[in-house]
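Take a look at the structure below.
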Amino acid sequence: MGGGYGIPYKPEQNELDLEYIAKEINKIYKELIVKNKLSLRIVMESGRMITGPYGWLITSVRHFKHIYKKYVGLDACMTNLMRPALYDAYHHITVLGKENAAPDHIYDVTGSLCENNDKFAIDRMLPKLETGDILAIHNTGAHGWAMGFNYNGKLRSSELLLRPDGSVILIRRAETEEDYFSTLDFKKLSKFKTMK
Numbered sequence: 000m001g002g003g004y005g006i007p008y009k010p011e012q013n014e015l016d017l018e019y020i021a022k023e024i025n026k027i028y029k030e031l032i033v034k035n036k037l038s039l040r041i042v043m044e045s046g047r048m049i050t051g052p053y054g055w056l057i058t059s060v061r062h063f064k065h066i067y068k069k070y071v072g073l074d075a076c077m078t079n080l081m082r083p084a085l086y087d088a089y090h091h092i093t094v095l096g097k098e099n100a101a102p103d104h105i106y107d108v109t110g111s112l113c114e115n116n117d118k119f120a121i122d123r124m125l126p127k128l129e130t131g132d133i134l135a136i137h138n139t140g141a142h143g144w145a146m147g148f149n150y151n152g153k154l155r156s157s158e159l160l161l162r163p164d165g166s167v168i169l170i171r172r173a174e175t176e177e178d179y180f181s182t183l184d185f186k187k188l189s190k191f192k193t194m195k
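Just so we're aligned, residue 0 is where the sequence shown starts under numbering that gives the first Met the number 0, counting upward by one.
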């Protein structure tokens, strides 16, 4: 039954009423499946609902480019979070320490790759940004690391778990250059000769 239930990506969106959905699915199941004595069961993947709301991509502002638009460049990129580039997906962005500042500046929030679609947000209203500002990109728990890749030699980031008591533990270390090259067979590669 599809890829699971979605989550509210925008602050003004509401969470789904799971009790209502379950009741309606059960009603339809009884009317169409049980009543007609069909041996079918309903199966769906858990989807974003289970882990999506519990991940944040933490990144910092590296530079700005002001041409016909205002661009802000981050140290993260679409190798850390592919959804905005791939699906034009919305992920809310909070500027840490400026939560109460007016969102009165409009930016294209870009990643650090050399690709024009490496963007986390287009025409996003945010508080005035400065180099070094820390941004939290919300709801990345379902598709952040899992959709990550190593384009342009980018290595996957570490993952930290924030516990209810406020403590933080490392649950996945950052990739290293050794990880990046670990599947390459250098012995076989050394037998290739360059063309003259």
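Built from N, CA and C at the ideal position, the CB exists for glycine as well.
Taking buried to mean at least 16 other C-beta atoms within 10 Å of its own C-beta, is residue i buried or exposed?
i: residue 119; result: buried
i: residue 143; result: buried
i: residue 125; result: buried
i: residue 47; result: buried
i: residue 16; result: exposed
i: residue 42; result: exposed
i: residue 75; result: buried
i: residue 6; result: buried
i: residue 108; result: buried
i: residue 117; result: buried
Cβ atoms of residue j and residue i: under 8 Å apart, would you say?
i: residue 154; j: residue 111; result: no
i: residue 50; j: residue 141; result: yes
i: residue 138; j: residue 52; result: yes
i: residue 106; j: residue 70; result: yes
i: residue 157; j: residue 169; result: yes
i: residue 8; j: residue 86; result: no
i: residue 130; j: residue 65; result: no
Considering only DSSP beta bridges, list what residue i is partnered with.
i: residue 120; result: 108
i: residue 136; result: 56 and 92
i: residue 161; result: 167
i: residue 230; result: Absent from the model: residue 230. The displayed extent of the chain is 0 to 195, so no value can be given.
Could you have a look at residue i and say whether DSSP puts it in helix, strand or coil?
i: residue 191; result: coil
i: residue 33; result: helix
i: residue 47; result: helix
i: residue 64; result: strand
i: residue 20; result: helix
i: residue 82; result: helix
i: residue 168; result: strand
i: residue 186; result: helix
i: residue 70; result: strand
i: residue 148; result: coil
i: residue 41; result: coil
i: residue 11; result: coil
i: residue 25; result: helix
- Contact the segment 27-47 vs the segment 75-87: 3+ CB pairs below 8 Å: no
- Query: Can you find at least 3 beta carbon pairs, one from the segment 181-191 and one from the segment 164-171, that sit closer than 8 Å?
  - Reply: no
- Evaluate contact between the segment 93-108 and the segment 146-161, counting only Cβ atoms and requiring at least three cross-stretch pairs below 8 Å. no
- Are three or more beta carbon pairs between the segment 127-134 and the segment 57-64 nearer than 8 Å? yes
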